[in-house]
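*Asks:* Take a look at the following structure, please.
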Amino acid sequence: SQQGEEDPQALSIQEGENATMNCSYKTSINNLQWYRQNSGRGLVHLILIRSNEREKHSGRLRVTLDTSKKSSSLLITASRAADTASYFCATGLYSSASKIIFGSGTRLSIRP
Amino acid sequence: EPEVTQTPSHQVTQMGQEVILRCVPISNHLYFYWYRQILGQKVEFLVSFYNNEISEKSEIFDDQFSVERPDGSNFTLKIRSTKLEDSAMYFCASGGGSQLLGSPLHFGNGTRLTVT
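Protein chains in written order, with my numbering: chain E, 137 to 248; chain R, 60 to 175.
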C-alpha cells in the first residue's frame, strides 16, 4: 500500500488565494519532503522537515508536520499562475533511511 | 547550478529488447536513485545506491532490472527484457547528504521509455 497519500488529488483556486495540500503516511519517518513537478519534467525539491520539527517556512511556503497523526501539510500563500504544477510529499523512512517514498501527488491549478 | 542529466530523453524499444538508461548525477553526491512514473501518476521508488552497492530496492525492481556505476560518474539502469508495462518515465536522482538526517534529492528531467 502507498506510504504517502496526498489530498486533495486535484485543487483549483483563484490566483492570490492560498493553497493547502495534505499528506498522510503510514510508517515512522526520519523526515518528510515536498517536491513540485511541472508537466513532463523532473521533480524539484521545495522544503524538508525533520521528524523532530513541527513547522518550517520558506518564502511563500509553510510546512507542518504532526508525527502523532502521521500527517503533513503544505501551504502556498498568495498563489500565482506559475505555481500550477503537481506537488508530492516524500518520506524518508525510519527503518530504511535511503528509501524515499513519494505520495500520489496533488495537481494544483491556479486560475488567473 | 550543478544538475542531474539523463540520456536519452526518449527511448523507443521493442518488447523483449534490452535498454540502458543513463544518468550523470551531481559530482559530489553520494546517494543515487531510480524512480519511475507512469503517465504522470505516482512516482514509484525502484532502487537506491550508495557506496557502490544497492541500499534498498522495491518489489518492482526484480531480476530484469540492474544498476551500475561503472566509472564514478555515470549511473545506469538496465532493463534486460522489456515488457509493455515497462513503458514509463524513468527519473534518476542524487542526494548529497546523509539520508539518515534527510537530504534533498536532485532529479534529472527523465527518460521517456516506450515499449512497443
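No residue lacks a Cβ here, since even glycine has one placed at the ideal position from N, Cα and C. Keep in mind the model is a prediction, meaning the values are calculated, not measured.
1. Given that a residue counts as buried once 16 or more other Cβ atoms are within 10 Å of its Cβ, and exposed if not, what is E/Pro144?
2. Take E/Ser209 as the anchor and find which of E/Cys225, E/Arg186 and E/Gly178 has the nearest alpha-carbon.
3. Can you tell me whether R/Ala152 is buried or exposed, with buried defined as 16 or more other CB within 10 angstroms of its CB?
4. For a cutoff of 8 angstroms on Cβ pairs, would you count E/Gln145 as touching chain R?
5. Straight-line CA distance for R/Thr173 to R/His69?
6. For chain E, is any of its Cβ atoms less than 8 angstroms away from the one on R/Val83?
7. Given that a residue counts as buried once 16 or more other Cβ atoms are within 10 Å of its Cβ, and exposed if not, what is R/Gly131?
8. Would you list the residues sitting across from E/Thr242 in a DSSP beta bridge?
9. What are the boundary residues of the beta strand (DSSP E) that E/Asn167 is part of?
10. Does the segment 157-166 of chain E come into contact with the segment 175-184 of chain E, if we say contact requires no fewer than three beta-carbon pairs (one atom in each stretch) closer than 8 angstroms?
11. Might you give, ordered along the chain, the residues of its own chain that have their beta carbon closer than 6 angstroms to the beta carbon of E/Thr200, omitting 5 neighbours on each side?
12. What does DSSP give as the partner residue(s) for E/Asp202 in the beta ladder?
13. Residues in its own chain within less than 8 angstroms of R/Ser162 by CB, not counting five upstream and five downstream?
14. Measure from the C-beta of E/Arg186 to each C-beta in chain R and report whether the shortest distance is under 8 angstroms.
15. With 8 angstroms as the threshold, decide whether the Cβ of E/Leu244 is near any Cβ in chain R.
16. Of all the options R/Glu112, R/Arg139, R/Leu105 and R/Met148, which has the alpha carbon lying nearest to the alpha carbon of E/Ile237?
17. May I ask you to report which of helix, strand or coil DSSP gives E/Ser137?
18. Measure the CB-CB distance between R/Ser140 and R/Gln123 and report whether it falls below 8 angstroms.
19. Out of curiosity, what's the CA-to-CA distance linking R/Pro61 and E/Leu179?
20. Run the CB neighbour count on E/Gln150, radius 10 Å, all protein chains shown included, and call it buried at 16 or more, exposed below.
21. Would you list the one or two residues that DSSP bridges to R/Phe166?
22. Could you give the residue range of the beta strand (DSSP E) that holds E/Lys162?
*Replies:* Reading off the structure:
1. By the 10 Å Cβ count, E/Pro144 comes out exposed.
2. By alpha-carbon distance to E/Ser209, the top candidate from E/Cys225, E/Arg186 and E/Gly178 is E/Cys225.
3. By the 16-neighbour rule on beta-carbons within 10 angstroms, R/Ala152 is buried.
4. Not closer than 8 angstroms to any Cβ of chain R, the Cβ of E/Gln145 fails to qualify, so no.
5. C-alpha separation (whole angstroms): 8 angstroms.
6. No, no contact with chain E.
7. Taking every protein chain shown into account, the CB of R/Gly131 has fewer than 16 other CB atoms within 10 angstroms, so this residue is exposed.
8. Within the DSSP secondary-structure output, E/Thr242 pairs in a beta bridge with E/Tyr223.
9. From DSSP, the beta strand (DSSP E) with E/Asn167 extends over Ile165 to Gln173.
10. Judged by Cβ distances under 8 angstroms, the segment 157-166 of chain E makes no contact with the segment 175-184 of chain E, as fewer than three pairs qualify.
11. The answer, listed in chain order, is Glu191 and Ser209.
12. Under DSSP, the beta-bridge partners assigned to E/Asp202 are E/Ser207.
13. Within the same chain, R/Ser162 has close Cβ partners Tyr90, Gly154, Gly155 and Gly156.
14. At least one beta carbon of chain R lies nearer than 8 angstroms to the beta carbon of E/Arg186.
15. No, E/Leu244 does not count as interfacial toward chain R.
16. Considering only alpha carbons, the answer is R/Leu105.
17. Legend: pLDDT at E/Ser137 = 44, less than 50; position of this residue unreliable, value from coordinates given subsequently. In the three-state reduction of the DSSP assignment, E/Ser137 falls in the coil class, being assigned neither a helical nor a strand state.
18. For R/Ser140 and R/Gln123, yes; Cβs fall inside 8 angstroms.
19. Distance from the CA of R/Pro61 to the CA of E/Leu179, rounded to the nearest whole angstrom, comes to 15 angstroms.
20. Looking at its Cβ environment, which holds fewer than 16 other Cβ atoms inside 10 Å, E/Gln150 is exposed.
21. Bridge pairing for R/Phe166: R/Ala152 [DSSP].
22. Secondary structure note for E/Lys162: it is in no beta strand (DSSP E), with a DSSP letter that is neither H nor E.
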